[in-house]
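So the structure is just underneath, and the comments pick up after that.
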């Protein structure tokens, strides 16, 4: 059986780790001429609007 002190210590550790995982997206502001893509694993990519003219990039967006 796990002692209460160890259990509480483990719970605090996992709580800190879960909060760190949620803080990946920090700012909602984007520079002019850019757009944002969010992924399922909570990553944020800022892409220049000029990439929308690229056919290869557009195909990659359609495939995703």
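Residue numbers (the working numbering): 10 to 73.
No residue lacks a Cβ here, since even glycine has one placed at the ideal position from N, Cα and C.
My output table needs one value for residue i: the three-state DSSP class, helix, strand or coil.
| i | result |
| --- | --- |
| residue 56 | strand |
| residue 65 | helix |
| residue 38 | coil |
| residue 17 | helix |
Output needed for residue i: all residues of its chain with C-beta closer than 6 Å, excluding positions within five of it in sequence on either side, in chain order.
| i | result |
| --- | --- |
| residue 66 | 60 |
What are the partner residues of residue i, as DSSP defines its beta bridges?
| i | result |
| --- | --- |
| residue 44 | 56 |
Once you ignore the five residues that flank residue i on each side, which residues in its own chain have a CB closer than 7 Å to its CB?
| i | result |
| --- | --- |
| residue 39 | 45 and 55 |
Whose C-alpha, out of the options, is nearest the C-alpha of residue i?
| i | options | result |
| --- | --- | --- |
| residue 49 | 14, 15 and 73 | 73 |
Which same chain residues, not among the five before or five after residue i, have their C-beta less than 8 Å away from its C-beta?
| i | result |
| --- | --- |
| residue 58 | 42, 43 and 44 |
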